[in-house]
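Q:
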Amino acid sequence: MNYYISTTLQTDFQSALARVKDALKDEGFGILSEINIQEKFKEKLDINFRKYTILGACNPPLGHEALTIENKAGVMLPCNVILQETEPGVIEVASIDPFTSMQVIDNDALSQIAKEVKDRLENVIYTLEGENT
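Be aware that the sequence shown starts at 6, since it is given in this note's numbering, and climbs by one per residue.
#1: In angstroms with no decimal places, state the Cα-to-Cα distance between Glu92 and Asp31.
#2: Figure out for me which residue from Phe34, Asn112, His69, Ile87 has the closest Cα to the Cα of Ile59.
#3: Let's test the definition: count the other Cβ atoms within 10 Å of the Cβ of Asp111 and tell me whether it reaches 16, buried, or not, exposed.
#4: How would you write the range of the beta strand (DSSP E) that Gln108 sits in, first residue to last?
#5: To the nearest angstrom, report how far apart Phe18 and Arg55 are at their CA atoms.
#6: Can you list, in chain order, the residues of its chain whose CB lies under 8 Å from that of Thr13, leaving out five sequence neighbours each side?
#7: In the DSSP assignment, find the unbroken beta strand (DSSP E) run with Gly68 in it and report its ends.
#8: CB Lys47 to CB Ile36, shorter than 8 Å?
#9: What is the DSSP secondary structure of Asn53, reduced to helix, strand or coil?
#10: If the criterion is Cβ atoms closer than 8 Å, does the pair Pro83 and Ala62 meet it?
#11: Out of Glu134, Ser116, Ala23, which has the shortest C-alpha to C-alpha gap to Met81?
#12: Run through DSSP, which three-state label would Asn7 get?
Structure follows, in structure tokens:
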């Protein structure tokens, strides 16, 4: 069972980042955090690393519902979405599969929310795939 949902885009990194943010917004997600791993590794470790960004995405109504049902579910929030340049002009976009990750919590109501979040994240990925053709 995969723990992520992914696609590959043929574009530059900044364009991919903008497209991902727009697609997330269209599915009701806000960006709570944005971590530029390439920049952080250079700053903290003096290592040159490929372009790699982690977006912390959250759908506020579903996040609220999840935390109301299971107050420790916050350890799995927000949903991470990554972009990484695998080669020049080739950007992999991947998101956590929240349904799979939430299976460690034995709570059917939470599983239903995780399934809805997964469906929305799949819509993001499939929208990006469709734009790529």
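Glycine included, C-beta positions come from ideal geometry on N, C-alpha and C.
A: By the coordinates alone:
#1: The sequence position of residue 92 within the sequence shown is 87, counting from 1. The sequence position of residue 31 within the sequence shown is 26, counting from 1. Taking the straight line joining both Cα atoms gives about 28 Å.
#2: Counted from its first residue, the sequence shown places residue 59 at position 54. Answer by Cα proximity: Ile87.
#3: If you number the sequence shown from 1, residue 111 lands on position 106. When all chains shown are included, Asp111 counts as exposed.
#4: Sequence index remark: in the sequence shown, residue 108 carries index 103 (1-based). Premise fails: Gln108 is in no beta strand (DSSP E) and is neither H nor E.
#5: Counting from one through the sequence shown, the residue named residue 18 turns up at place 13. Counting from one through the sequence shown, the residue named residue 55 turns up at place 50. When only Cα atoms are considered, Phe18 and Arg55 end up about 11 Å apart.
#6: Sequence index remark: in the sequence shown, residue 13 carries index 8 (1-based). Taken in chain order, the residues that qualify are Thr91, Val95, Ile96, Glu97, Val98, Asn137.
#7: In the sequence shown, counting from the first residue as 1, residue 68 sits at position 63. Per DSSP, Gly68 belongs to no beta strand (DSSP E); it is in the alpha helix (DSSP H), 65-74.
#8: As a working note, residue 47 is residue 42 in the sequence shown. As a working note, residue 36 is residue 31 in the sequence shown. Not in contact: Lys47 and Ile36 (Cβ atoms no closer than 8 Å).
#9: On the sequence shown, residue 53 is found 48 positions in, with the first residue counted as 1. In the structure shown, Asn53 sits in coil (DSSP, three-state: anything other than H, G, I, E or B).
#10: As a working note, residue 83 is residue 78 in the sequence shown. As a working note, residue 62 is residue 57 in the sequence shown. Contact flag set, yes.
#11: If you number the sequence shown from 1, residue 81 lands on position 76. Out of Glu134, Ser116, Ala23, Ser116 has the C-alpha closest to the C-alpha of Met81.
#12: Translated into positions along the sequence shown, residue 7 becomes position 2. DSSP places Asn7 outside both helix and strand once states are collapsed to three, so it counts as coil.
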